[in-house]
Amino acid sequence: MGFWKKGLLATLALSVLTTPVWASDEPNEVLTPKRMFEFFVGEIAAQRGQFDVAIGEMTDLAKDTKDPRIAQRATEMALYAKQYQAAVHNLDLWLTEEPNAPEAHQILSALLFSNVSVDELTTVIKDWLSTNPKGVDEMFDRLTPPIVQMHDPKQAYQLTKNITENYDQSMAAQYLLAITAFQADQSDEALSAVNNMLDIKGDSEKAALLKGQILGHTHPADALDFYQQFLDQYPDSQSIRLSYARELVNQKHFQKARDQFTYLVKKNPHNVDIKLAVALLNLQLKDYGATMNQLNDLLSQGNSDANVIHYYLGETEEEQKHWQLALDQYAQVKEGDQYFNSQIRLALLTAKQKDLASGLDILHRLRAQDDQEVEQLFFSEEQMRRDAGDLKGAYNLLDHALKQQPENVNMLYEQAILADRLNHFDVVEDNLKRVIALRPNYAQAYNALGYSMTERGVRLDEAKRLIEKALTITPNDPFILDSLGWVDYRLGNNTDALYALKQAYTLQEDPEIAAHLGEVLWQSGNPEEARKLWQKSLADHPNNDALKETIHRFMQ
């Protein structure tokens, strides 16, 4: 039970030792001398700590009088004594007689986080729901937050199934059922409940949003189809269109996402968040002119956080290799969420301009606020040293850090990559095997180890098995397919090599994949095809050393 939930139960129960109910509120009916005596017996027993007697007297009196205040008193006593079964029983009496009592609702919420059984809670809630058949939607709305936050999702779902079984036509009941089912990994039941909601009210945006979210996690393609169908029927539903646009971004359909956000801008011309989303999608699509225009418009309008706009203007300039313009924009970020990232970019770009010392100075003046920023600073320095050609310095930096964090998977992996370039192959194998042991589904570790062995021409059969393992974890990864083609080529399987390398290049026109594919084409008797491929790739990537070295070997 969380601290606040324990505190709530304790606070609600403390009244047992303070003011009796009858002292502050008039009971529903005049207590007879006999009942007054029973009431005092219960109170005195409670003051003496004889809670079995106190709770028994108060429970009997609550049953006889049906007075909600006495039921409340019995509930509070039972809570104080941690007799949760008695608390549930008396809470049932209390809610039956006073369904809208806020204190009773507080206690019911707290009991959801106690050791009370699902069956006992079911009885109380069902009895409470039956007191107001016309108000069940409101009652389920009250129940939703505490039930959704229960510690055990499966218990929350079972409780919800129990209490909603007679409320197929209640939107609020079906909403609660859908959420708890989804949290308990019962996605089919969750979709069934949300479809019930849409059957009751076809234009319900609340139901549609929930269905889209469930499908987005379980059947992403179906989520897009559902959003589109809903919008075809209800085109003015802006909340659904916004969710559709976000799901398109999640699934990397950036062009379609931009179209949806552009539509939303027309409907909401003063919404700066939507305008910023369009600008960032244009950046993703490399439409730099449109990005710059939109970001500068936002800056001139003065309704956006200037620090955020300058950061993304810097990123746009950097994407275009306008290094000084990017530095100028990053320097204008003075505070806010993007300040730390802008300083990192400033440092990296300064180092990139052949000024490693100044870049490191900017980096070392930054103060990280959490572990993630600490690691970001560390890897930024490692990248700066590596890009400046200080491979040994980058390697030693990682070596020092790994003494403090020997199981840091990211550090182990990065050091292995550097070790490969420094010909420390024992470190390559040791680090990558440790990474695999720590994170068995890390596809890139299998691939990196297999590729390193392939490049060195050692244990090629083992290298292929490692690369194939990587591909089972991450199918259709162009760089893993490239590794597979390369190891097949080294094994003499040129037909298989060409198949894998062509797949890889179709997925990603990377210059190193082009270098490998061209070499295998050349060695397979297709030099003209190889030449055309290399010339195209070289035009797009004139500074790629691996591509240039391969071309030089075959076309000198």
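For the sequence shown, the numbering used here assigns the number 201 to the initial residue and increments by one for each residue that follows. Ideal Cβ placement from N, Cα and C applies to all residues, glycine included. Just so it is clear, the structure is predicted and the values come from calculations on it, not from any experiment.
For Y357, the enclosing alpha helix (DSSP H) covers residues P353 to T364. Under the 10 Å beta carbon count, R659 is surrounded by fewer than 16 other beta carbons and is classified as exposed. Annotation: E709 is outside any alpha helix (DSSP H) and is labelled neither H nor E by DSSP.
Our two residues, R586 and S558, have alpha carbons roughly 16 Å apart in a direct line.
Annotation for A588: no alpha helix (DSSP H) segment contains it, and DSSP assigns it neither H nor E. For P675, there is no enclosing alpha helix (DSSP H), as DSSP marks it with neither H nor E. In this structure the region 524 to 531 does not touch the region 489 to 507; the number of beta carbon pairs closer than 8 Å is below three.
The beta carbon of D740 lies closer than 8 Å to those of E709 and P711 in the same chain, with the five residues before and after it left out.
Contact check for R441 and L476: beta-carbon distance about 17 Å, past the 8 Å limit, so the pair fails to qualify. Around the beta carbon of A568, a 10 Å sphere encloses fewer than 16 other beta carbons of the protein chains shown; the residue is thus reported as exposed. Annotation: the continuous alpha helix (DSSP H) that includes S652 extends over A643 to R656. Per DSSP, the unbroken alpha helix (DSSP H) holding E518 starts and ends at A506 to E519.
With 16 or more other Cβ atoms inside 10 Å of its own Cβ, M350 counts as buried. Under the three-state reduction of DSSP output, P299 falls in the coil class, being neither helix nor strand. Annotated three-state conformation of K552 is helix, per DSSP.
Rounded to the nearest whole angstrom, the C-alpha separation of S737 and Q543 is 34 Å. S724 is a Cβ neighbour of L698, given a cutoff of 9 Å. Residue I636 holds the alpha-carbon nearest to the alpha-carbon of E607 among D626, N507, I636 and L291. Cα atoms of E405 and K466: separation of roughly 21 Å, rounded to the nearest angstrom.
Secondary structure in the region 558 to 630: the alpha helix (DSSP H) runs of 4 residues or longer, each lying completely within the stretch, are 571 to 587, 591 to 604 and 609 to 621 in chain order. Take the alpha-carbon of K633 and the one of E668: they are about 16 Å apart. Just so you know, the alpha carbons of L431 and M371 end up roughly 21 Å apart. Taking C-beta atoms under 8 Å as the contact rule, T462 and V449 fail to qualify, at a distance of about 13 Å. The C-beta separation of L295 from V324 comes to about 7 Å, placing the pair in contact by the 8 Å criterion. Of the residues S504, V472, E517 and N507, the one whose Cα lies closest to the Cα of Y488 is E517.
Of the candidates H510, A457, Q615 and A619, the residue whose Cα lies closest to the Cα of L602 is Q615. Take W328, set aside five residues on each side of it, and the residues of its chain with a beta-carbon closer than 8 Å to its own are D292, L295, T296, P299, L308 and M339, in chain order. Straight across, the Cα-Cα distance linking L556 with R545 is about 13 Å. When the beta-carbon positions are compared, V394 and A407 come within less than 9 Å of each other.
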